[in-house]
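To convert, count from 1 in the sequence shown and add 1; that's the working numbering.
For glycine and all other residues, C-beta sits at the position ideal for the given N, C-alpha and C.
Owing to the predicted nature of the structure, the values given are computational and were not obtained by experimental measurement.
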Amino acid sequence: MTTFCVEHGISRKAFYAIKRRAAEEGQAAALAPRTRRPANSPGRLADEVKQQAIGVRAALEQSGLDHGPISVHEKMRSLGMTPVPSTASLSRIFRDAGVARAEPRKKPRALFRRFVYPAPNACWQLDGTEYVLTGGRKCVIFQLIDDHARYAVASHVAWGETSEAAIAVVKKVITAHGVPQRLLSDNGAALNPSRRGVVGQLVTYLEALGVEAITGKPYKPTTQGKNERFHQTLFRFLDKQPLAGSLEELQEQVDRFDQIHNTERPHQGLPGKITPQQAWEATPKADPPRPRNTQRPVGWDGIRQTRVALNGIVQVRQTRFHVTRKMAGQTVFLIEADQHLLVFDDRGTEAPRHRDHEASLAQTRSQVRQLRPTPRTATQNHLSVTDVLMQEVLPMS
């Protein structure tokens with residue numbers, strides 16, 4: 002036996018263990034490897050718990066609400082179910098059951114530049130999205146949310162994206178929650194067409210209250226990403242509801258969605274797994290702004306249309322300004338604001354600005370007022386969102 006063990010490279014103890022197993026299970030089983038599975042798995046989820054999780058997910062999906070692992074985890078906990086699997090376990094359960102939707106790899110969250118205002122009423126976000134009623138009739142849903150709490154302060158259904166409808170929803174919210182410091186929207190004609198060289202009705206109304214009307218850059222909807230994501234959640238909910246046949250029916254459905262969003266489901270973008278209403282009530286509101294003096298300075302003021310020369314120069318009141326040769330031959334809009342010259346193309350994109358100009362371009366008659374296009378500051382009426390997103394909330398003056 003000793004010689005046999007040496008020849009086969011096993012110990013005497015292993016030899017007797019194999020011999021005993023052969024006597025109990027047979028010679029073939031004695032040479033097969035044993036399973037490494039533990040005898041007991043205390044952390045293994047019961048099939049009943051798995052079926053409960055799949056059922057909760059199906060109910061959320063049927064209601065048109067978010068039904069991912071995080072939403073299912075919070076729903077099971079709110080219903081008092083025990084045990085409640087972790088989000089990782091729920092993800093594995095849904096994947097094994099074949100009910101999870103495969104998604105492509107996404108850009109890491111760390112690569113996104115995020116902004117959140119530190120208090121309610123520091124900034125609201127307004128946007129409209131199109132919806133189709135029965136019979137193919139189109140309408141627009143305005144959604145107004147608070148940037149800090151993701152709180153749906155109001156929604157309004159109208160036949161079109163008009164300035165009157167936008168002002169109506171803003172007035173409704175101001176009556177209920179006070180005046181915000183800023184309002185972020187896109188560059189739509191009904192919301193904030195300032196980049197196109199036009200002062201919209203909504204902007205005029207906001208400026209009279211001291212509210213700063215800010216926009217994102219053209220063709221960059223990620224600045225209004227909170228609104229865009231909110232639209233997706235709303236449409237997922239509406240897809241599970243009976244198709245509305247009138248504005249009144251659709252308004253009722255949207256109001257119901259806002260109530261669920263604000264009070265019933267924890268928002269994944271908020272710390273502490275709280276609802277938007279809890280976040281809205283947890284922090285004191287930002288101080289309301291003070292109405293500014295909107296009187297224009299005496300002299301040439303307003304919007305002027307001209308063409309950029311081949312050398313990239315535009316001329317205003319016998320004063321020449323270098324814009325950029327890339328815009329040579331294009332029609333641009335000139336706006337004089339607070340002694341600065343702002344240049345926009347026909348799509349509302351602002352032309353590059355220079356701190357100083359060549360002396361040869363600035364020479365003119367001494368009696369002609371010289372306008373220098375310098376970077377705008379946060380005290381001007383029409384602000385880019387990049388100028389103010391990271392500002393602290395301070396009393397408006």
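Inset, instruction - Whole angstroms is fine: what's the gap from residue 249's alpha carbon to residue 333's? - result: It is roughly 43 Å from the alpha-carbon of residue 249 to the alpha-carbon of residue 333.
Legend entry - First and last residue of the uninterrupted alpha helix (DSSP H) at residue 97: 88 to 98 is the extent of the alpha helix (DSSP H) around residue 97.
Legend entry - Cβ-based burial, residue 160 [other Cβ within 10 Å; buried from 16]: Result: exposed.
Inset, instruction - Please report how far the alpha carbon of residue 264 lies from the alpha carbon of residue 92, in whole angstroms. - result: Answer to the nearest angstrom: the Cα atoms are 25 Å apart.
Inset, instruction - Answer yes or no: do residue 193 and residue 204 have a C-beta to C-beta separation smaller than 7 Å? - result: In this structure, residue 204 lies closer than 7 Å to residue 193 by Cβ.
Inset, instruction - Could you tell me the boundaries of the alpha helix (DSSP H) in which residue 281 lies? - result: Residue range 277 to 283 is occupied by the alpha helix (DSSP H) that includes residue 281.
Inset, instruction - For residue 261, write down the residues that DSSP places opposite it in a beta bridge. - result: DSSP lists no partner for residue 261.
Inset, instruction - Go to residue 216, then tell me how far its beta strand (DSSP E) extends in each direction, as first and last residue. - result: Per DSSP, the continuous beta strand (DSSP E) segment holding residue 216 begins and ends at 213 to 216.
Inset, instruction - State buried or exposed for residue 225, treating a residue as buried only when at least 16 other CB atoms are found within 10 Å of its CB. - result: Buried is the call here.
Inset, instruction - Could you check which residue in 7, 172, 128, 227 has the C-alpha nearest to that of residue 190? - result: Taking only the C-alpha atoms, the option nearest residue 190 is 128.
Inset, instruction - State yes or no: is the C-beta of residue 343 within less than 7 Å of the C-beta of residue 305? - result: Not in contact: residue 343 and residue 305 (Cβ atoms no closer than 7 Å).
Inset, instruction - Give the secondary structure of residue 132 by DSSP, where H, G and I count as helix, E and B as strand, and everything else as coil. - result: Collapsing the DSSP output to three states places residue 132 in a strand.
Inset, instruction - Would you kindly work out how many angstroms separate the C-alpha atoms of residue 76 and residue 16, rounded to a whole number? - result: Each residue's alpha carbon lies about 56 Å from the other.
Legend entry - DSSP beta-bridge partners of residue 76: BP columns for residue 76 are empty, so no partner.
Inset, instruction - Would you mind working out which of 315, 220, 213, 87 sits nearest residue 328, comparing C-alpha positions? - result: Measuring from the Cα of residue 328, the nearest candidate turns out to be 315.
Legend entry - DSSP-derived helix/strand/coil call for residue 28: In the displayed model, residue 28 falls within a helix according to three-state DSSP.
Legend entry - Pair within 7 Å by beta-carbon distance, residue 154 and residue 140: The Cβ-Cβ distance between residue 154 and residue 140 does not fall below 7 Å.
Legend entry - 8 Å contact criterion, which residue 185 and residue 207 should meet: CB distance rounded: Not quite, the Cβ-Cβ distance comes to about 11 Å (not below 8 Å), so this is no contact.
Legend entry - Selection from 148, 135, 317, 291 that minimises the alpha carbon distance to residue 244: Checking every option, the nearest Cα to that of residue 244 belongs to 135.
Legend entry - Helix, strand or coil at residue 307 [DSSP, three-state]: Residue 307 falls in the strand class under three-state DSSP.
Inset, instruction - For the alpha helix (DSSP H) containing residue 57, list its first residue and its last residue. - result: Its alpha helix (DSSP H) spans residues 48 to 63.
Inset, instruction - Tell me whether residue 185 sits in a helix, a strand or coil according to DSSP, three-state version. - result: Strand.
Inset, instruction - Quick one: measure Cβ to Cβ for residue 196 and residue 83, integer angstroms, because I've assumed they're closer than 8 Å. - result: Contact between residue 196 and residue 83 fails: their C-beta atoms lie close to 55 Å from each other, not under 8 Å.
Legend entry - Endpoints, alpha helix (DSSP H) assigned at residue 230: In the DSSP assignment, residue 230 falls within the alpha helix (DSSP H) that extends over 226 to 239.
Inset, instruction - Establish whether the CB of residue 261 and some CB of chain B are separated by less than 7 Å. - result: The structure shown contains no chain B; it holds only a single protein chain.
Legend entry - Where the alpha helix (DSSP H) containing residue 172 begins and where it ends: Unbroken alpha helix (DSSP H) run through residue 172: 164 to 178.
Legend entry - Sequence-distant residues of the same chain with beta carbon closer than 8 Å to residue 46, five excluded per side: Here the set comprises 84, 86, 90, 94.
Inset, instruction - Count the other CB atoms, across all protein chains shown, that sit within 10 Å of the CB of residue 151; report buried if there are 16 or more and exposed otherwise. - result: It counts as buried.
Legend entry - Residues that residue 140 bridges to, as DSSP identifies them: When DSSP reads this structure, residue 140 sits in a beta bridge with 132.
Inset, instruction - May I ask you to report which of helix, strand or coil DSSP gives residue 126? - result: Reduced to three states, the DSSP call for residue 126 is strand.
Inset, instruction - Starting from the C-beta of residue 325, find all residues in its chain whose C-beta is less than 7 Å away, skip the five residues before and the five after it, and write them out in chain order. - result: So the list reads 313, 352, 353, once near-sequence residues are dropped.
Inset, instruction - Helix, strand or coil for residue 146, going by three-state DSSP, please let me know. - result: Assignment of residue 146 by DSSP, reduced to helix, strand and coil, places it in the strand class.
Inset, instruction - Would you mind working out which of 33, 11, 65 sits nearest residue 258, comparing C-alpha positions? - result: Looking at the Cα atoms, 65 is the closest of the given residues.
Inset, instruction - Take residue 202 and list the residues in its own chain whose beta-carbon comes closer than 7 Å to its own, dropping the five residues that flank it on each side. - result: Excluding positions up to five away in sequence, the list reads 164, 168.
Legend entry - Beta-carbon proximity check, residue 472 vs residue 274, cutoff 7 Å: Examination of residue 472 is not possible in this model, given that the chain is present from 2 through 398 alone.
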